[in-house]
Amino acid sequence: MSGKTFYIETFGCQMNAHDSEKVVGTLLAEGYEQVPTPEQAELVLYNTCSIRDKAEQKVFSRLQNFKREAGKGKVFGVLGCVAQQEGEKIFDRAPHVSLVAGSASYTRLGEMLVQLENGNRRVTGLSLDTEETFDTPFTRRDNPHRAYITIIEGCDKSCAYCVVPFTRGPERSRTSASVMAEARGLAGRGYTEIQLLGQNVNSYRDPSPAGWDFATLLANVAEVPGIRRVRYTTSHPRDFGKSIVDAMEANPVICDHVHLPVQSGSSRVLASMDRLYTRDEYMRRIEWLKTARRPYSITTDIIVGFPGETESDFAQTLDLLDEVQYDSLFSFKYSPRPNTAALAMQDPIPDDEKQRRLSVLQEKQRAIQIRRNAEMIGAIKEVLVEGRNQALGQWIGRTSDNRTLNFTHPASNGHSLIGQYLSVRVTRSGPNSLVGEAI
Ligand code: 5AD
Ligand code: SF4
16 MSGKTFYIET FGCQMNAHDS EKVVGTLLAE GYEQVPTPEQ AELVLYNTCS IRDKAEQKVF
76 SRLQNFKREA GKGKVFGVLG CVAQQEGEKI FDRAPHVSLV AGSASYTRLG EMLVQLENGN
136 RRVTGLSLDT EETFDTPFTR RDNPHRAYIT IIEGCDKSCA YCVVPFTRGP ERSRTSASVM
196 AEARGLAGRG YTEIQLLGQN VNSYRDPSPA GWDFATLLAN VAEVPGIRRV RYTTSHPRDF
256 GKSIVDAMEA NPVICDHVHL PVQSGSSRVL ASMDRLYTRD EYMRRIEWLK TARRPYSITT
316 DIIVGFPGET ESDFAQTLDL LDEVQYDSLF SFKYSPRPNT AALAMQDPIP DDEKQRRLSV
376 LQEKQRAIQI RRNAEMIGAI KEVLVEGRNQ ALGQWIGRTS DNRTLNFTHP ASNGHSLIGQ
436 YLSVRVTRSG PNSLVGEAI
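For the sequence shown, counting from 1, position 367 maps to 382 in our numbering; every step adds exactly one.
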């Protein structure tokens, strides 16, 4: 490789998005230049997701498109969860790939790049045996106002459907001192919103003698001068302790939103998923939030059609939606994944039945959101301005409770409001967003 140009495309969750920010920063620091299309790049990287089969297929279709380019000196790398899951099998399936590395190996990225530059066409980073997290001073952040900070990597749970423990390895927490230093550094560079990331942030455990738990870390990050909003994702209900709600109640800098993936409303299905909580135990956490002083927006993830899910189990999930009144949810058809425990379970629910359940669920949730969003009309909410919709003449804002609130601002006269915090009166609502006017 001569001019050292690279292109990267990212799939999957926020952890992956942030990993890519760190990978990009590392490449830039090594003298590479980022280009906007794979055609222009000498090194083409895909940071992949394998959470469901569909996500996994995407990278192989991308690689297929470029099969012929490999002979012309283009180098291809597969990073992330598909890389970790499929390992060297990727070389068989897509022989023009030269680099296969999972996230637990990114601390060796510089070394792997040197191997590629030296012409090695079978470079791998596949060990999960690490105590380290991937920290780098070179992170190239995509957003100038909101920054991700990884606090914990990997996952020690063993949910029966989930590949993540196999693709991201065991849990490793960063020291509280390094997280706090990063948060203060970000505030100093003008960032006002911080999002703490981990597969299971609630099981954060400071490895240094300070020994902070997640609630303590959250409270301290929210105290950093200049930081106006702190979010975190994702939570495992079992480890979501009352102390987290107490920390949120104590400081409104911590946003009015909790994403608490439930997966199913049936305790029987939850047990077979190995989720480590019952519906009642989940509802206890919801009660903490519903009886708190501030109103919190609650969102979730749901899987329909898990092996053995009966019509009555599914009815309990629908009933849970009525009971909790989520403000938004992500819902998925169960997708069998390699290595997972559920693979050995009978999966007799045909795809069209999974699809039917998904549609019923989504329709129910849509009605809930229409009603809940309509209740916001007339309210005044603070937004962080994230963008501009030129066609509609609206600014795009996000509320603390994680709603999109698009608004007009008569006095803005064309100058950018992006990055500002403004008060907006809600005038209209839809199933997925609100509309309003700046006041
Ligand atoms: N099939 C379908 N959905 C899944 N999820 C995780 N694994 C699977 C799977 N095998 C969903 C869960 C999780 C979200 C990130 O993806 O709902 O919370
Ligand atoms: Fe996809 Fe899960 Fe990997 Fe994130 S951790 S990229 S959701 S498989």
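For every residue, glycine included, the Cβ atom is placed at its ideal position computed from N, Cα and C.
From a predicted model like this one, the values you see are computed outputs, not experimental measurements.
Cut-off 7 Å between Cβ atoms - residues of its own chain near residue i, not counting five sequence neighbours on either side
i           : result
residue 239 : 198, 199, 202
residue 82  : 111
residue 351 : 357, 358, 362
residue 130 : 138
Element boundaries [beta strand (DSSP E), containing residue i]
i           : result
residue 94  : 90 to 94
residue 163 : 161 to 165
residue 303 : First-last for residue 303: 294 to 305, but that is the alpha helix (DSSP H), not the beta strand (DSSP E).
residue 318 : 312 to 319
residue 259 : Counting along the chain, residue 259 falls outside any beta strand (DSSP E), though it belongs to the alpha helix (DSSP H) covering 257 to 265.
residue 140 : 138 to 140
residue 244 : 244 to 248
Beta-carbon contacts of residue i that lie in its chain and below 6 Å, excluding the five residues immediately before and after
i           : result
residue 30  : 212
residue 292 : 252, 253
residue 16  : Because the pLDDT of residue 16 is 46, which lies under 50, any placement of that residue in the model is unreliable, and the number read from its coordinates should be weighed accordingly. Counting only Cβ-Cβ distances below 6 Å, and skipping sequence neighbours, we find 57, 132.
residue 181 : 354
residue 324 : 284
residue 22  : 50, 53, 56, 59
residue 92  : 60, 114
residue 263 : 269
residue 378 : none
Check: residue i C-beta below 7 Å from any heavy atom of the ligand SF4
i           : result
residue 243 : no
residue 70  : yes
residue 179 : yes
residue 95  : yes
residue 183 : yes
residue 27  : yes
residue 55  : no
residue 31  : yes
residue 174 : no
residue 214 : yes
Enclosing alpha helix (DSSP H) for residue i [first to last residue]
i           : result
residue 75  : 68 to 80
residue 284 : 282 to 287
residue 65  : Element bounds for residue 65: n/a, residue is neither H nor E.
residue 374 : 366 to 389
residue 419 : Per DSSP, residue 419 belongs to no alpha helix (DSSP H); it is in the beta strand (DSSP E), 419 to 423.
residue 279 : Element bounds for residue 279: n/a, residue is neither H nor E.
residue 273 : It is not in any alpha helix (DSSP H) - residue 273 instead sits in the beta strand (DSSP E) that spans 272 to 274.
Beta-carbon contacts of residue i that lie in its chain and below 8 Å, excluding the five residues immediately before and after
i           : result
residue 146 : 187
residue 20  : 47, 48, 49, 50, 55, 56, 57, 58
residue 394 : 440, 441
residue 448 : 388, 418, 419, 420, 421
residue 322 : 287, 349, 357, 360, 361, 362, 363, 364
Residue i - partner residues in DSSP beta bridges
i           : result
residue 399 : 413, 436
residue 32  : The partner list for residue 32 (beta bridge, DSSP) is empty, contrary to what the question assumes.
residue 48  : 20
Exercise for the section: Kindly provide the chain-ordered list of residues whose Cβ lies closer than 6 Å to any non-hydrogen atom of the ligand 5AD. Expected result: 66, 67, 176, 177, 276, 278, 316, 318, 347, 349, 350, 352
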